[in-house]
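Enquirer:
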Amino acid sequence: MKKSIILIALLALCIGVKAQKTDTAKKEPSADSLMNSLSAGDDKHAYILSAFKATRLIFSPTTEMVRKKNLNFLVIHRFGDIATGPGGARTLFGLDAVNDVYIGFEYGVSDNFNINFGRSTIGQLVELQLKYALLHQTNDNSSPLGIALMGGTGVRPYGNFASFSDRLSYIAQAVFSRKFTQALSLEVSPVFVSDNQPIPNEAGNENSFFSLTAAGRLKVTKHMSILVDWEHPFSSYRTGTNGFQDPLGFGAEFETGGHVFTLNFTNARAVSQINSLSNSQASWGRGEYRFGFTISRMFDFNRKKEKKW
C-alpha cells in the first residue's frame with residue numbers, strides 16, 4: 100500500500116508533465132487572497148498560483164514561498180492519543196493532553212529565498228532553515244514543476260549530551276510539486292536527515308538516513324481543501340519489527356483572508372520532520388492517532404506609508 104502511494108504520485112507527476120493543458124480560467128480573488136503574499140508572475144510565463152495554499156501541509160513543506168518582506172507566523176499543535184493509553188473520554192479524547200507545539204516564523208528575504216525559524220516542545224528542538232525556490236510551475240507549461248530546496252539544522256539546548264555537537268541534527272530536502280487542475284495538487288520530496296546523536300539513542304540506530312514524503316491537496320469548495328500527507332524513512336532500524344510506524348495524516352484546510360487554518364488527524368506525535376522522521380512509533384491500528392491544527396498568518400511589511408501634504 101505504501102509503495103503504491105509513492106508510485107501513483109510519481110506516475111501522476113510524470114504523466115502530468117506531458118499531458119496538462121494550459122489553465123486559462125480566471126481565478127477568484129477571494130479564494131486566492133493569501134497568494135498575494137506568495138510567489139507570482141505577470142507575463143506569458145506567469146507562475147501558477149495556489150498549487151498549495153500555505154508553505155506547509157500536515158508534515159511536509161510545500162514549494163510555496165513567502166514573498167519579499169513578508170513574515171509568516173505559524174502555530175502548530177498536536178494533542179494526545181484519541182483512542183488508546185491515556186486517551187479516551189478521560190482526557191476528552193486527547194484534547195486535555197499536549198504532545199507537541201511548534202511556534203515558527205518564515206521571512207521572505209526575497210521572493211525566492213526564505214529564512215525559517217522555529218521551536219518544538221519535543222526535545223525543546225530549535226530549528227533554523229533556509230528555503231530556495233529553484234523553479235516555479237508556469238501557466239504555459241514551459242516549467243511543468245515547482246521545485247524548492249531546503250536545508251537546516253536543529254539544536255537541543257537542554258538535556259544531557261556528551262558534547263555540544265551531539266545536540267545537533269541536520270535536514271536537507273528537495274520538494275517537487277505540480278498543480279494538475281484547479282482542484283488537485285501533488286508533491287513528492289526526498290529528504291535526508293542526520294542526527295549527531297541518534298534519535299532514539301539506541302544500539303543499532305543509524306545517525307543518518309534518507310526518507311521520502313508524498314502529499315496531496317484536493318480543493319472541494321471555494322475556501323476548503325482536503326489534505327493527505329505521508330512520510331517513509333528508508334532505515335534498516337526504523338521498521339515495524341522495532342516498533343516504528345510511518346507518519347500518516349489526513350486534514351482539512353480552510354482559507355479565510357490572510358489566514359490558513361488546518362485541522363488534521365495523524366499518528367505522528369512530533370511536528371518537526373527531524374523528530375517525526377527519526378522517531379515515530381505511534382500506530383493508527385492501536386488507536387494512537389491524534390487531533391491537531393495549524394494556524395498560518397501572513398504579515399506584509401511592504402506597504403508604504405501614505406504621504407502627508
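Read left to right, the sequence shown gives residues 100 to 408 (the numbering used here). All C-beta atoms in this analysis are idealised placements derived from N, C-alpha and C, irrespective of residue type, glycine included.
1. Are His176 and Gly348 touching if we call contact CB-CB under 8 Å?
2. Less than 8 Å between C-beta atoms, sequence neighbours within five positions excluded: which residues of the same chain meet that for Asn169?
3. When burial is assigned at 16 or more other CB atoms within 10 Å of the CB, is Ala282 buried or exposed?
4. Are the CB atoms of Ile246 and Leu233 within a distance shorter than 8 Å?
5. Mind the definition here: the stretch 337 to 345 touches the stretch 179 to 192 only if three or more C-beta pairs lie below 8 Å; say whether that holds.
6. With H, G and I counted as helix, E and B as strand and the rest as coil, what does DSSP make of Ile246?
7. Relative to the C-alpha of Leu362, which residue among Asn378, Met323, Gln223 and Asn240 is closest?
8. May I have the straight-line CA-CA distance separating Ala124 from His235, to the nearest angstrom?
9. Decide if Gly258 is buried, meaning its Cβ has at least 16 other Cβ atoms within 10 Å, or exposed.
10. Which of the three DSSP states is assigned to Gln272 in this structure?
11. Going by C-alpha distance, which of Arg255, Ser310, Gly342 and Leu244 is nearest Gln296?
12. On the three-state DSSP scale, how would you describe Ala150?
13. Starting from the Cα of Lys167, find the closest Cα among Ala150, Asn211, Val174 and Thr154 and give me that residue.
14. Ends of the beta strand (DSSP E) at Leu170?
Expert: With the given structure in hand:
1. Here residue 176 corresponds to residue number 77 of the sequence shown, with the count starting at 1. Here residue 348 corresponds to residue number 249 of the sequence shown, with the count starting at 1. Taking 8 Å as the Cβ cut-off, His176 and Gly348 do not qualify as a contacting pair.
2. Your numbering for residue 169 matches position 70 in the sequence shown. Counting only Cβ-Cβ distances below 8 Å, and skipping sequence neighbours, we find Ser136, Tyr206, Gly207, Met397, Phe398, Asp399, Phe400 and Asn401.
3. Translated into the one-based positions of the sequence shown, residue 282 becomes position 183. Exposed: under 16 other Cβ atoms inside 10 Å.
4. Counting from 1 along the sequence shown, the entry for residue 233 is found at position 134. Counting from 1 along the sequence shown, the entry for residue 246 is found at position 147. Contact: yes.
5. no
6. Residue numbering aside, residue 246 sits at position 147 when the sequence shown is read from its first letter. In the three-state reduction of the DSSP assignment, Ile246 falls in the strand class, which pools E and B.
7. For the purposes of this step, residue 362 is taken as residue 263 along the sequence shown, with counting starting at 1. The option with the nearest alpha carbon to Leu362 is Met323.
8. Counting from 1 along the sequence shown, the entry for residue 124 is found at position 25. Counting from 1 along the sequence shown, the entry for residue 235 is found at position 136. Its pLDDT being 40, under 50, Ala124 is placed unreliably in this model, and the value from its coordinates should be taken loosely. Straight-line Cα distance between these residues: approximately 19 Å.
9. Counting from 1 along the sequence shown, the entry for residue 258 is found at position 159. Exposed: under 16 other Cβ atoms inside 10 Å.
10. Here the question's residue 272 lines up with position 173 in the sequence shown. Strand at Gln272.
11. Position 197 of the sequence shown, counting from 1, holds the residue named residue 296. Distances from the alpha-carbon of Gln296 to those of Arg255, Ser310, Gly342 and Leu244 put Arg255 closest.
12. Position 51 of the sequence shown, counted from the first residue, corresponds to residue 150. Three-state result, Ala150: coil.
13. Residue numbering aside, residue 167 sits at position 68 when the sequence shown is read from its first letter. It is Asn211 whose Cα lies nearest to the Cα of Lys167.
14. Here the question's residue 170 lines up with position 71 in the sequence shown. It spans Asn169 to Asp180 - the beta strand (DSSP E) in which Leu170 sits, taken as one unbroken run.
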